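Structure, as C-alpha cells:
2 protein chains.
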Amino acid sequence: MTEFSTAGDAPAGKSVSQTADASGPAGDAGGATGPGRAERPARVAIMRMAEAGDAVMGRLIARYGPVGAMEQARRGVLDPGFARDEKDRAEASRRHLDLGRHAAAWAARYTDPSDDLAQGMRRGARLVVPGDVEWPTQLDDLGDARPFGLWVDGRANLRFSCLRSVSVVGARAATAYGTTVAAEFAMSLGGRGWTVISGGAYGIDGAAHRGALASGTPTVVVLACGTDVCYPSAHEDLFRAVRRQGVVISEWPPGAHPTRLRFLIRNRVIAALSRGTVVVQAAARSGALNTATHAWGLNRQLMAVPGPITTEVSTGCHVLIRQGKAVCVTSAEEIIELVGSIGDDLAPEQRGPVRPRDGLNDETRRVLEAIPARGATGPAAIAVAAGVDIGTALACLGALAAAGFVENVDRGWRLRPAARQ
Amino acid sequence: MTEFSTAGDAPAGKSVSQTADASGPAGDAGGATGPGRAERPARVAIMRMAEAGDAVMGRLIARYGPVGAMEQARRGVLDPGFARDEKDRAEASRRHLDLGRHAAAWAARYTDPSDDLAQGMRRGARLVVPGDVEWPTQLDDLGDARPFGLWVDGRANLRFSCLRSVSVVGARAATAYGTTVAAEFAMSLGGRGWTVISGGAYGIDGAAHRGALASGTPTVVVLACGTDVCYPSAHEDLFRAVRRQGVVISEWPPGAHPTRLRFLIRNRVIAALSRGTVVVQAAARSGALNTATHAWGLNRQLMAVPGPITTEVSTGCHVLIRQGKAVCVTSAEEIIELVGSIGDDLAPEQRGPVRPRDGLNDETRRVLEAIPARGATGPAAIAVAAGVDIGTALACLGALAAAGFVENVDRGWRLRPAARQ
Numbered sequence: 421m422t423e424f425s426t427a428g429d430a431p432a433g434k435s436v437s438q439t440a441d442a443s444g445p446a447g448d449a450g451g452a453t454g455p456g457r458a459e460r461p462a463r464v465a466i467m468r469m470a471e472a473g474d475a476v477m478g479r480l481i482a483r484y485g486p487v488g489a490m491e492q493a494r495r496g497v498l499d500p501g502f503a504r505d506e507k508d509r510a511e512a513s514r515r516h517l518d519l520g521r522h523a524a525a526w527a528a529r530y531t532d533p534s535d536d537l538a539q540g541m542r543r544g545a546r547l548v549v550p551g552d553v554e555w556p557t558q559l560d561d562l563g564d565a566r567p568f569g570l571w572v573d574g575r576a577n578l579r580f581s582c583l584r585s586v587s588v589v590g591a592r593a594a595t596a597y598g599t600t601v602a603a604e605f606a607m608s609l610g611g612r613g614w615t616v617i618s619g620g621a622y623g624i625d626g627a628a629h630r631g632a633l634a635s636g637t638p639t640v641v642v643l644a645c646g647t648d649v650c651y652p653s654a655h656e657d658l659f660r661a662v663r664r665q666g667v668v669i670s671e672w673p674p675g676a677h678p679t680r681l682r683f684l685i686r687n688r689v690i691a692a693l694s695r696g697t698v699v700v701q702a703a704a705r706s707g708a709l710n711t712a713t714h715a716w717g718l719n720r721q722l723m724a725v726p727g728p729i730t731t732e733v734s735t736g737c738h739v740l741i742r743q744g745k746a747v748c749v750t751s752a753e754e755i756i757e758l759v760g761s762i763g764d765d766l767a768p769e770q771r772g773p774v775r776p777r778d779g780l781n782d783e784t785r786r787v788l789e790a791i792p793a794r795g796a797t798g799p800a801a802i803a804v805a806a807g808v809d810i811g812t813a814l815a816c817l818g819a820l821a822a823a824g825f826v827e828n829v830d831r832g833w834r835l836r837p838a839a840r841q
Numbered sequence: 421m422t423e424f425s426t427a428g429d430a431p432a433g434k435s436v437s438q439t440a441d442a443s444g445p446a447g448d449a450g451g452a453t454g455p456g457r458a459e460r461p462a463r464v465a466i467m468r469m470a471e472a473g474d475a476v477m478g479r480l481i482a483r484y485g486p487v488g489a490m491e492q493a494r495r496g497v498l499d500p501g502f503a504r505d506e507k508d509r510a511e512a513s514r515r516h517l518d519l520g521r522h523a524a525a526w527a528a529r530y531t532d533p534s535d536d537l538a539q540g541m542r543r544g545a546r547l548v549v550p551g552d553v554e555w556p557t558q559l560d561d562l563g564d565a566r567p568f569g570l571w572v573d574g575r576a577n578l579r580f581s582c583l584r585s586v587s588v589v590g591a592r593a594a595t596a597y598g599t600t601v602a603a604e605f606a607m608s609l610g611g612r613g614w615t616v617i618s619g620g621a622y623g624i625d626g627a628a629h630r631g632a633l634a635s636g637t638p639t640v641v642v643l644a645c646g647t648d649v650c651y652p653s654a655h656e657d658l659f660r661a662v663r664r665q666g667v668v669i670s671e672w673p674p675g676a677h678p679t680r681l682r683f684l685i686r687n688r689v690i691a692a693l694s695r696g697t698v699v700v701q702a703a704a705r706s707g708a709l710n711t712a713t714h715a716w717g718l719n720r721q722l723m724a725v726p727g728p729i730t731t732e733v734s735t736g737c738h739v740l741i742r743q744g745k746a747v748c749v750t751s752a753e754e755i756i757e758l759v760g761s762i763g764d765d766l767a768p769e770q771r772g773p774v775r776p777r778d779g780l781n782d783e784t785r786r787v788l789e790a791i792p793a794r795g796a797t798g799p800a801a802i803a804v805a806a807g808v809d810i811g812t813a814l815a816c817l818g819a820l821a822a823a824g825f826v827e828n829v830d831r832g833w834r835l836r837p838a839a840r841q
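Chains as they are written, first to last, in the working numbering: chain H, 421 to 841; chain P, 421 to 841.
In C-alpha cells:
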C-alpha cells in the first residue's frame, strides 16, 4: 500500500473493487452489482486449494457457487451428483480421473483465507474476482478454466487497461533484434492507446514492458507466482515501475512460487486478456508458442514477427506464418489494423485528429468534458466536475477509454492526443 | 565455340537444336519434328525488329507463322484483316495503338538475319526457337508475349535444365544475410537436382548462381541484353562459369544492351521458366516484385523469405507473405515441398535413397543402365552403350533428368546420388 499512499487520488481500480465489495449483496451468487461478501474469502481459499486452471474446480464453482464449492473442497467430499457427472465426462473423453484423490488434495491444502487476504493487502495487492467491476470479462472465454480470481498489484485499472490491449510474447533467449522489435512495437502500441500484456520473463517479455512504460501507458505483467514474488529477481525494478503505471497480476496466492507447469497455465490468461497475441521471437519449442496456441484456440488474432531464417529464435514465428495460423506483422500499425475496431483503426487515412463526440450520451459527454485539455486528473475530481457520482464517473471513463477518448495514466485519467479538440 | 571445342562430347543442347534444325520440314509451321528451315532466320529477324514481349508481333506470328509475320513486318505493311482485329482489340481494352507506326518501326529495324546468326554462332551461342527439342515449352504459358526465340550460350540443355527448376530472385542491394540465404538455398536446391534460374545482377542473382555452381548442377542466367554482352561487367567470371556448367540465355540479339524496360520484360521469362519463384530479399519497389507478379499471374508457386523487419530490403517479401500471395519459406526443403511432384518431394520421410526403375520403358531403362555408377559420361558414349541413336539417348536422358534419376553436369550426364543403386 505504500505506493498508493503517495498518489493524490485513490487508484481507480482499487476504488472500483472496494466499492463493488461493499455494495454487493450478501448472497453467494455474483451479479451485476458485484460478488457477495462471503464469495471473496471463498475464492481466496479456492485459489489456495486448487491449482489455477483446474477445470473440475471451475465446474464445481459454476454449479454450487464459490462458497458451496469451497465448502465441498474443504471437506474433501463432493456432491454425489457432481461426482457422477465428472466421472461420466472423464470416461467420455477417455481421461483418467481419481476424483476422490483430487478432492482430498484440495482439502489438504485448505488454509484460512483471511491469511492470504491479509498478506495480499499487506503486500499492496487487491483481489479482483468475477463480478467485480474491475474483472476483465474476456477471461470468461476460458470457460471452466477461467481464473478463480486474480491478485492485482498496481495503479492501473485491470479491466479498462485490457479493453484495448495486445499481448506481446516471445523467447527468453531473444536476440537484440527481438528485444528491439518488442520494445518498439510496445512503445508504438502504447503511443496509440493500446495496453501491452506479457509475462515477466527476460527477453521479449521484459523488452515489451519497458517499451510500454516508455510510452507512458499501462502495461500488464501476468505472473506465474504470487504478485509479491519477484521472478526473475533481476526484474524487481521493472515490476516496481509496472506497478506505478500498470498492473502486476497473478492467479496464485501471495508467496506462491513459479513452476514450469504454472508458466504454461498462466499463458492462457495472457492470450485471453487481449484482443490479439504477437509472437516476436520463438524457437521451435518455445513457451511463447503455447500462448500462441491458446490465442488461436480462443479465436483471438494471432500475429508473428518474421526474422532472419538464420537464427533459431525466429523459427517458431515462421512456422506459425507458414501454417497460416499467424499473420505476418512488421509494425504496430499492422497490429492495430488487425486487432482494432473496424472503421476506427483500419486504415491510416481513417485515423483523423478529431473524434466524433456525437455518439456519446449526456453523462459520458459531461465526464469527457470534465477532463482538462492537458494533464491527468483523478476520478474523484472528474466526478465532481462532471456532477456525477464516482461510480458513474468510473463507468463513463471506462467506456471513454474503450472508445479511445481517454487513457488511464500514472496520476489519473487524461485525454488521448486525438481527443483534444 | 571455343568452350565447346574442349568438351569430349558435343554439348547436349547444341546437338539437339542442330538435329531439330536439320531434320525439320521445309515449311513454315513448327511441328513435333522441329521448326522449318526458313523459320529460324525469320525469327532472328523478328527478334531484331520487334521488342521482346511485343504481343502484337506475337499474334502476327500466331496467325501467319514466323516467315509470314517477318515478311509483313519487314515491309511495314500488315494484312488488313489482322490490322482490323488489332484495332478492335485495342479499342475493347481502351488502349492506344498506332498500328501503322508500330509496323513502320519494325520495318525500320530490319537487318539481314544472317548477320545475327553469324555473330551469335561466332560468340558461341545457339538459337533455340519454339518447336526445337531444346525449347522450354512452359514459356508457351506466356501466350502472345512468348519469346520469339532465345539465344542460348552454355553446355547445359535449356529444356532439360528447366524441367525441375526454381527461380531465385531478389534485390541488387542485398545484405549479407540475403546473399548468404540465396547461395545456401541454391546450393541445397542444386544438391537435390533442382536447377536455379535468375537474372545476372549483383546481389541475390549472383549469389544464387554461385551457390548453384558450387553444387555442381546447371544454373540458368536470363539476361536483358545479348548473351555476348556482359552486364554487369564485373560478372564476366561468373557468366563464364555458368556457360561451362549451365546456360546464359537472352531474347535479345547479339550485341543488344540492357535497358530498364528490358529488365522488366525479361522478368516474365524468369517467372515462366521455373515451377516457382523465391523472392529472397526485395525492398518495397524492387524489380524482384515484378518477377513475383509474373509468377503469381502465371500460377507458378510464389515464395518469399522472411528477414529482419528492421531492414528495408525484406519489406517486399513481408508484403507478399502478408497479402497471402507468397508462402513463407525458410529452407530449400520447404521450397521443394512446394514445387516438387506430389509423392516425390512432398515429405522428407518419402524421399528414400532408392528410386523405382519399374516405371521406365525398355529404351529409357537401357539408357539409365548405360550411365556408370560414378562420374559423368557424354551422351554419345551413353547412346553407344545403350544401343540407341543419339537423339533417342538425349530424349531418354531428358526424361530421366525430369524424373530425378540423372543430371546434366560439366562433362556430360551422371546419376544423381539417389539413383545409385
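Glycine included, C-beta positions come from ideal geometry on N, C-alpha and C.
Please read all numbers here as calculations on a predicted model, not as lab measurements.
Rounded separation between residue i and residue j - CA only
| i | j | result |
| --- | --- | --- |
| residue 691 of chain P | residue 561 of chain P | 10 Å |
| residue 572 of chain P | residue 501 of chain P | 35 Å |
| residue 809 of chain P | residue 682 of chain P | 41 Å |
| residue 578 of chain H | residue 530 of chain H | 28 Å |
| residue 503 of chain H | residue 483 of chain H | 12 Å |
| residue 716 of chain H | residue 755 of chain H | 16 Å |
| residue 505 of chain P | residue 670 of chain P | 30 Å |
| residue 687 of chain P | residue 589 of chain P | 10 Å |
| residue 790 of chain H | residue 736 of chain P | 47 Å |
| residue 647 of chain H | residue 678 of chain H | 11 Å |
| residue 473 of chain P | residue 570 of chain P | 12 Å |
| residue 672 of chain H | residue 607 of chain P | 53 Å |
| residue 451 of chain H | residue 459 of chain H | Note that residue 451 of chain H scores a pLDDT of 41, beneath 50, so its modelled location is shaky and nothing firm can be said. |
| residue 555 of chain H | residue 548 of chain H | 6 Å |
| residue 780 of chain H | residue 703 of chain H | 46 Å |
| residue 622 of chain P | residue 591 of chain P | 8 Å |
| residue 605 of chain H | residue 697 of chain H | 12 Å |
Nearest to residue i (by Cα), restricted to the options the options
| i | options | result |
| --- | --- | --- |
| residue 376 of chain P | P/593, P/472, P/824, P/803 | Look at the range of chain P in this structure, 421 to 841, and you will see that residue 376 of chain P is not part of it. |
| residue 705 of chain H | H/698, H/683, H/733 | H/733 |
| residue 469 of chain H | H/498, H/783, H/533, H/455 | H/533 |
| residue 828 of chain H | H/795, H/807, H/804 | H/795 |
| residue 523 of chain P | P/574, P/466, P/556 | P/466 |
| residue 757 of chain H | H/463, H/609, H/473, H/807 | H/609 |
| residue 563 of chain H | H/485, H/667, H/718, H/535 | H/718 |
| residue 740 of chain P | P/786, P/751, P/752, P/722 | P/722 |
| residue 602 of chain P | P/568, P/693, P/585, P/632 | P/632 |
| residue 597 of chain H | H/615, H/574, H/627 | H/627 |
| residue 685 of chain H | H/694, H/708, H/667 | H/708 |
Close-in-space but distant-in-sequence residues of the same chain around residue i (CB under 8 Å, 5 per side omitted)
| i | result |
| --- | --- |
| residue 566 of chain P | 478, 550, 559, 560 |
Sequence-distant residues of the same chain with beta carbon closer than 7 Å to residue i, five excluded per side
| i | result |
| --- | --- |
| residue 836 of chain H | 613, 824, 825, 826, 827 |
| residue 462 of chain H | 486, 487, 490 |
| residue 805 of chain P | 790 |
Sequence-distant residues of the same chain with beta carbon closer than 6 Å to residue i, five excluded per side
| i | result |
| --- | --- |
| residue 656 of chain H | 650 |
| residue 481 of chain H | 489 |
| residue 519 of chain P | 503, 506 |
Segments of 4+ residues assigned as alpha helix (DSSP H) that fall wholly inside the region 533–577 of chain H = As far as the region 533–577 of chain H is concerned, its whole alpha helix (DSSP H) runs of at least 4 residues are 533–542.
Three CB pairs or more closer than 8 Å across the region 483–502 of chain H and the region 511–518 of chain H = The answer is no - the region 511–518 of chain H does not touch the region 483–502 of chain H, with fewer than three Cβ pairs under 8 Å.
Any contact of the region 707–715 of chain P with the region 640–657 of chain P, i.e. 3+ C-beta pairs under 8 Å?
-> The answer is no - the region 640–657 of chain P does not touch the region 707–715 of chain P, with fewer than three Cβ pairs under 8 Å.
Curious, which full-length alpha helix (DSSP H) runs of at least 4 residues does the region 708–751 of chain P contain?
-> Runs found: 735–742.
Counting Cβ pairs, one atom from each stretch, are 3 or more of them under 8 Å apart for the region 718–733 of chain P and the region 655–665 of chain P?
-> The region 718–733 of chain P and the region 655–665 of chain P do not touch, with fewer than 3 CB-CB distances between them shorter than 8 Å.
Can you check the region 794–821 of chain P for any alpha helix (DSSP H) of at least 4 residues that lies completely inside it and give the ranges in chain order?
-> Correct list: 799–806.
Assess, as a yes-or-no matter, whether the region 795–805 of chain H is touched by the region 820–835 of chain H under the definition of 3 or more beta carbon pairs within less than 8 Å.
-> Yes, the region 820–835 of chain H touches the region 795–805 of chain H.
Alpha helix (DSSP H) runs contained entirely in the region 615–653 of chain P, provided each spans 4 or more residues | You should have 624–635.
May I have a chain-ordered list of the beta strand (DSSP E) segments no shorter than 3 residues that lie completely inside the region 478–502 of chain P?
-> The qualifying runs do not exist here; there are none.
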